């Protein structure tokens with residue numbers, strides 16, 4: 095569906111379920127706030143936000159069927175290869191082949207559990223990106239990319255490119271990681287610290 099990207103730009107307007115938490119965050123990828131109602135959806139949002147292969151997404155784009163009280167789809171996602179509706183495992187018991195002509199992918203809870211360190215690290219990094227986003231000099235990202243020609247520690251790059259507030263350099267580095275212009279494989283299995291090794295993209 096060619097117009098899907100235009101159609102799923104904002105979530106369905108629904109009230110917070112009784113007893114549910116309200117989790118809000120700014121999405122750099124969408125340029126707006128997202129509102130989520132449980133930690134599973136929040137964890138999946140982080141994965142979408144920091145996946146360079148995800149072009150855009152929308153939380154709660156639709157319901158699994160036309161009943162007004164039916165289960166909400168967690169996310170609509172657009173990737174270069176196509177689009178999908180994401181439904182977190184255990185949300186709905188029956189198979190859902192598609193919604194509005196878009197295939198539904200079930201996200202296993204075991205997959206979220208396996209990515210817990212990655213998710214935890216990015217839950218700390220995204221606020222830094224958001225705090226620094228309006229303060230970044232246009233030349234800083236280019237300087238960082240020119241500086242990181244081989245694996246370097248976060249601390250060393252910050253020190254060498256210090257421009258006053260270290261949060262600015264750190265925010266720029268994290269944004270380059272988020273958008274796939276740098277990489278840091280250890281974020282998948284080691285907790286974030288100043289020894290984080292940052293690498294150029296092959």
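Numbering (my numbering), first residue to last: 95 to 296. In this text, a Cβ means the ideal position worked out from N, Cα and C, and glycines have one as well. None of the values given here were measured: they were computed from a predicted structure.
Inset, instruction - Closer than 6 Å by C-beta to residue 293: which residues in its own chain qualify, once you throw out the five before and the five after it? Chain order, please. - result: 245, 277
Inset, instruction - Give the secondary structure of residue 163 by DSSP, where H, G and I count as helix, E and B as strand, and everything else as coil. - result: coil
Legend entry - Beta-carbon proximity of residue 274 to residue 230, cut-off 8 Å: no
Legend entry - Beta-carbon proximity of residue 158 to residue 165, cut-off 8 Å: yes
Inset, instruction - Taking residue 199 and residue 180 to be in contact with their CB atoms under 8 Å, please state how far apart those CB atoms are, rounded to whole angstroms. - result: 5 Å
Legend entry - Contact set for residue 130: own chain, Cβ-Cβ below 7 Å, skip 5 residues either direction: 117, 136, 139, 153
Inset, instruction - Drop a sphere of 10 angstroms on the beta-carbon of residue 279, count the other beta-carbons inside from all chains shown, and report buried for 16 or more, exposed for fewer. - result: By the neighbour-count rule (16 or more Cβ atoms within 10 Å), residue 279 is not buried but exposed.
Legend entry - Residue from 225, 241, 132 whose Cα sits closest to the Cα of residue 113: For residue 113, the nearest C-alpha among the options comes from 132.
Legend entry - Cβ pair residue 144, residue 216 closer than 8 Å: In this structure, residue 144 sits near residue 216, with a CB-CB distance shorter than 8 Å.
Legend entry - Nearest residue (CA-CA) to residue 208, options 232, 281, 197, 260: 281
Legend entry - CA-to-CA distance, residue 259 to residue 177, given in whole angstroms: 40 Å
Inset, instruction - Helix, strand or coil for residue 294, going by three-state DSSP, please let me know. - result: strand
Inset, instruction - Pull up the CB-CB distance for residue 270 and residue 238, whole angstroms please, since I reckon it's below 8 Å. - result: 6 Å
Inset, instruction - State yes or no: is the C-beta of residue 268 within less than 8 Å of the C-beta of residue 222? - result: yes
Legend entry - Boundaries (first-last residue) of the beta strand (DSSP E) holding residue 181: 176-182
Inset, instruction - Give every residue of the same chain whose Cβ lies closer than 7 Å to the Cβ of residue 243, excluding the five residues on either side of it in the sequence, and list them in chain order. - result: 294
Legend entry - alpha helix (DSSP H) segment containing residue 222, residue limits: 210-226
Legend entry - residue 155 burial status per 10 Å Cβ neighbour count (16 or more: buried): buried
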